[in-house]
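In this text, residue positions in the sequence shown follow the working numbering: the first is 224, and each later residue adds one. Idealized CB from N, CA, C, for every residue including glycine.
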Amino acid sequence: METRSNFKSSLEEIIGLKLLKLTAGDGSGSIINFEFGQALKEVSHANHVFEQGDYSIMIYCSWRIAKESSIITTWKDSNHKSGPMLQGLDALKGLKVTSINLNDLNDLKITFEDTFSLNVFCDLGKNYDFDTNWFFRKDETHFVIDNYFQVVEEK
């Protein structure tokens, strides 16, 4: 229970922070990555240099973006450069997180300014080949929502 408590309190630290960067599109399928924090910093890993925020969320399972009661885009939409997925995700850039809601199955709802929300649905169960629904990174700690819908802390 301590891991889940640490996870929830760490996740709530992004409230008030801006979405600095997101990665999606051709080559990534429906996988999306969000970077939050004060500023992006360059990080070197395995001979690659990339930018990351203080916190990140990478989503492998089903998700959707909504504004009020309208769906803007989902994990099933086209991820081509001019497609609805990237256009919908672009609407979130620079917006601050206003609230976080995590249910008992670790489905996630992040509410942003201007009534936008990201809804994440853990649907990759134990019979699925991939073992991660989504993960949250704070510094060097990763909290993984696995295919048993449990929080696993990795450092």
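Cβ-based burial, residue i [other Cβ within 10 Å; buried from 16]
{"i": "Lys299", "result": "exposed"}
{"i": "Leu325", "result": "buried"}
{"i": "Phe335", "result": "buried"}
{"i": "Gly252", "result": "exposed"}
{"i": "Phe359", "result": "buried"}
{"i": "Val272", "result": "exposed"}
{"i": "Lys264", "result": "exposed"}
{"i": "Tyr371", "result": "exposed"}
DSSP bridge partner residues for residue i (one or two, in chain order)
{"i": "Trp286", "result": "Val343"}
{"i": "Trp357", "result": "Ile282 and Ile368"}
{"i": "His268", "result": "His271"}
{"i": "Glu376", "result": "Phe366"}
{"i": "Glu291", "result": "Note: Glu291 sits in no beta bridge, so no partner."}
{"i": "Asn256", "result": "Thr246 and Met281"}
{"i": "Lys332", "result": "Asn324 and Asn342"}
Terminal residues of the alpha helix (DSSP H) in which residue i lies
{"i": "Leu309", "result": "Pro307 to Asp313"}
Residue span of the beta strand (DSSP E) that contains residue i, given as start and end
{"i": "Glu225", "result": "It is not in any beta strand (DSSP E) - Glu225 instead sits in the alpha helix (DSSP H) that spans Glu225 to Leu234."}
{"i": "Gly239", "result": "Note, Gly239: premise wrong, no beta strand (DSSP E); not H, not E."}
{"i": "Thr338", "result": "Thr338 -> no beta strand (DSSP E), and no H or E assigned at all."}
{"i": "Leu325", "result": "Val320 to Leu325"}
Supposed close pair residue i, residue j - CB separation, criterion 8 Å
{"i": "Glu204", "j": "Ser233", "result": "Outside the modelled stretch of the chain, which goes from 224 to 378, sits residue 204, for which no answer is possible."}
{"i": "Ile254", "j": "Ile282", "result": "7 Å"}
Closer than 8 Å: residue i CB and nearest the ligand ZN heavy atom
{"i": "Cys284", "result": "No copy of the ligand ZN appears in this structure; indeed no ligand is present at all."}
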